Amino acid sequence: MTYRELLKLYKQGKLEDSTKKQIEAEIEKQDAISEFLYEEGAIPDFSDLESGQDYFDDLNDKKQWTERQNSKTEDNVEKQSENRIIEKSKSAGDSRNQQEDEFNRQFIKEIQRFIRRAFIKMGLAVGVVVLAVVLSAVFILPKAVSEFYYNPNKAAGQYEEMTTTRMNLDLSVYSELFLPGNHRDQVSAVSRGYGEYDIVIPQTSSWTGKFTSVSGRLVRGKLTLYDNNVLSRPIMQFYLPGDEDAWAAWEVDENGKETKMDTEARKEASIQDSKETIADYNDNDWYLAYVSLNDIMDYKDFIEWFQNLSNQKELEWGALWCAVHTEDEDGYCVEPNIGFCPLPSGMSVSWDREKYPYLSLLDNSDLSHVAEANDEETMQTHFTSMLSYIQDHDDILSMMGQTTDSPNRYQDMINFVQKNGLKIHGFAVSAKKKALLELYKEDVVSYIQTTPQN
16 MTYRELLKLY KQGKLEDSTK KQIEAEIEKQ DAISEFLYEE GAIPDFSDLE SGQDYFDDLN
76 DKKQWTERQN SKTEDNVEKQ SENRIIEKSK SAGDSRNQQE DEFNRQFIKE IQRFIRRAFI
136 KMGLAVGVVV LAVVLSAVFI LPKAVSEFYY NPNKAAGQYE EMTTTRMNLD LSVYSELFLP
196 GNHRDQVSAV SRGYGEYDIV IPQTSSWTGK FTSVSGRLVR GKLTLYDNNV LSRPIMQFYL
256 PGDEDAWAAW EVDENGKETK MDTEARKEAS IQDSKETIAD YNDNDWYLAY VSLNDIMDYK
316 DFIEWFQNLS NQKELEWGAL WCAVHTEDED GYCVEPNIGF CPLPSGMSVS WDREKYPYLS
376 LLDNSDLSHV AEANDEETMQ THFTSMLSYI QDHDDILSMM GQTTDSPNRY QDMINFVQKN
436 GLKIHGFAVS AKKKALLELY KEDVVSYIQT TPQN
């Protein structure tokens, strides 16, 4: 915009206050210059006017020169003013640009700071999530997974400060039912997480002075023992009274022809072999004997006979185990090698006493009272409670390699005992050579199968 245009806008009062003040300052400056030039110039008087035309010509020339000088001065002043305004405008523009640049820099810094904070927050959030996942994987997840599988350390019963764990109770019931002379009621289980446990099953009592513990690993309900023989079911045979087929055998000649052997002769030969084996035993060693009876006896009669034999001949016995006779609806013996210990030993336990009365004969809540061996009613309740418990908690059967595909198997046994009472067709006992030879002199004894005591 030219200086004249600025003056025009000044006259019209359309300029901003700052620009208006600049124009007024320039006008004042121009007035001062004009006054100065006027005072310095030659001003003619009337006498000079009469001096002739030359003077006027000279004066006109000077006047024209002055006007030209004034015009040049005005032009210079105008250009200078324009330059100042332009420079100031440029300066103002530069100032605005600097302000904008500073604003942009601050804005960028704020954005960067915001992004940095966002990344830090996101990093912290991710870190917390990762830490939570890691801690869960280390501390929570293993335990959570373990809850889906058999937990040997789960409390099965508690009395005051004494807690009975699930596997302690399971193994106590299982070993009393199926492992004569090898009762185990303690288990040490160290959790490794994810349903895995290191297992140690100690032997807490022994007639020989030797203790054999067994170790293994329980992985999600599957038990692997490093020595399967220690807790395997013994290879024993109770010959049931009247079961002549138990002694049956066939001979095969060179032509492949089968001939049935004399059953009674074979039975007598087996008994004689057993007696000779016992006669060769060491007098001071302990042996586990599986004794078959000639007749199925009521429990009351059996325990009375056994106690009288022990008292009269002062025989040294170990743990007694009674083989209970049961039959299914067809009269078939369901399981000949199952029984209980009427003379309790081991560790006292706790359990659901209302559901399984006398599950153990060693009760934490009633240590002062021990059931008498000749209390038939209590012994019957004890045996049926163990059958009911093992039926409800068959995990231990699977872990020990027993079948669980016959859900009514143990219920049939319970029904028979409740209907017919406690019947005994054999027993197992720890004894020395002298006691074993005396047993063969008893009329009730049919056959004795022996094995060295662990």
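Residue numbering for the sequence shown follows the working numbering, starting at 16 and increasing by one per position. Glycine residues also receive a C-beta, built at the ideal position from the N, C-alpha and C atoms. Since we're looking at a predicted model, the values are computed, not measured.
Practice problem: Can you check DSSP and say which residues form a bridge with residue 312? | Solution: Looking at the DSSP assignment, residue 312 forms a beta bridge with 439.
Exercise. Count the CB pairs spanning the stretch 461-468 and the stretch 289-307 that are closer than 8 Å, and state whether there are at least three.
Key: Segments in contact, yes.
Quiz item: So residue 339 is in the beta strand (DSSP E); what residue range does that whole segment cover?
Solution: Residue 339 -> beta strand (DSSP E) spans 332-339.
Self-check item: Residue closest to residue 358, alpha-carbon to alpha-carbon, out of 339, 318 and 19
Solution: Residue 358 has its Cα closest to that of 318, out of 339, 318 and 19.
Quiz item: If you run the structure through DSSP and keep just helix, strand and coil, what is residue 305?
Solution: Strand at residue 305.
Quiz item: With DSSP run on the structure shown, which of helix, strand or coil describes residue 189?
Solution: The answer is helix: DSSP assigns residue 189 an H, G or I state.
Self-check item: Minimum Cβ-Cβ distance from residue 352 to chain D less than 8 Å
Solution: Annotation note: the requested chain D is absent from the structure, which comprises a single protein chain.
Quiz item: For residue 429 versus residue 399, is the C-beta spacing smaller than 8 Å?
Solution: A contact, by the Cβ cut-off of 8 Å.
Quiz item: Which residues does DSSP pair with residue 213 in a beta bridge?
Solution: Beta-bridge partners of residue 213 (DSSP): 205 and 232.
Exercise. Return the bridge partner residues of residue 467 from the DSSP annotation.
Key: Beta-bridge partners assigned by DSSP to residue 467: 302.
Self-check item: residue 245 in three-state terms, based on DSSP
Solution: It is coil, neither helix nor strand.
Quiz item: Taking buried to mean at least 16 other C-beta atoms within 10 Å of its own C-beta, is residue 197 buried or exposed?
Solution: Under this definition residue 197 is a buried residue.
Quiz item: Using DSSP with H/G/I as helix, E/B as strand and the rest coil, what is residue 374?
Solution: Correct three-state label for residue 374: coil.
Quiz prompt | Inter-stretch contact (C-beta, 8 Å, three-pair minimum) for the stretch 427-441 and the stretch 327-345 | solution = Yes, since at least three Cβ pairs between the stretch 427-441 and the stretch 327-345 fall closer than 8 Å, the two stretches touch.
Exercise. Would you mind working out which of 224, 387, 343 and 375 sits nearest residue 431, comparing C-alpha positions?
Key: If we check each option's Cα against that of residue 431, 343 comes out closest.
Practice problem: With a 10 Å radius around its C-beta and 16 neighbouring C-beta atoms as the bar for buried, classify residue 328 as buried or exposed. | Solution: Looking at its Cβ environment, which holds fewer than 16 other Cβ atoms inside 10 Å, residue 328 is exposed.
Quiz item: Do you know how far the Cα of residue 276 is from the Cα of residue 237?
Solution: Taking the straight line joining both Cα atoms gives about 44 Å.
Exercise. Evaluate the contact criterion for the stretch 177-195 versus the stretch 407-422: three or more CB pairs, one atom per stretch, below 8 Å.
Key: Contact between the stretch 177-195 and the stretch 407-422 is present, because at least three Cβ pairs lie under 8 Å.
Practice problem: Work out the CA separation of residue 32 and residue 42 for me, nearest whole Å. | Solution: The alpha-carbon atoms of residue 42 and residue 32 are separated by roughly 15 Å.
Quiz item: Grouping DSSP H, G and I as helix and E and B as strand, with all else coil, what is residue 267?
Solution: Secondary structure at residue 267: strand, using DSSP grouped into helix, strand and coil.
Quiz prompt | Closest by C-alpha distance to residue 38, when choosing among 21, 48, 50 and 46 | solution = It is 21.
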